[in-house]
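Numbering (this note's numbering), first residue to last: 1165 to 1282. From the three backbone atoms N, C-alpha and C, an ideal C-beta is built for every residue, glycine too. This report refers to the structure that appears directly beneath it.
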């Protein structure tokens, strides 16, 4: 069908923009804080590279109207709890810099703040 050949499609590269659009278009910013989570397929435009495919699954959380380190800590706690529910054995390790590390035999998550010099 010629119409199908010319049809444009849009594949989502990430989900933050969609969450923010939904919040703003529906007036949800009037009741802050708001927290959302999502999971689903996302797509890259560039060619696949080793370890990077065009389609991938992404999990995410958005915390809108929360500020400071407590919002970051809540996000880290949610991620750790999710991984524990999947059966990963996570351990918190103190690091001398602003970087924090969560490690297990199969998972390593390294985080720092946007204000960190590292």
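- Residue environment analysis places residue 1183 among the buried positions, since at least 16 neighbouring C-beta atoms fall within 10 angstroms of its C-beta.
- For the pair residue 1218 and residue 1180, the Cα-to-Cα distance works out to about 18 Å.
- CA-to-CA, the gap between residue 1241 and residue 1222 works out to about 18 Å.
- The C-beta separation of residue 1225 from residue 1239 comes to about 6 Å, placing the pair in contact by the 8 Å criterion.
- Residue 1198 holds the alpha-carbon nearest to the alpha-carbon of residue 1230 among 1192, 1198 and 1175.
- Cβ neighbours of residue 1187 within its own chain (closer than 7 Å, five residues either side excluded): 1193, 1198 and 1228.
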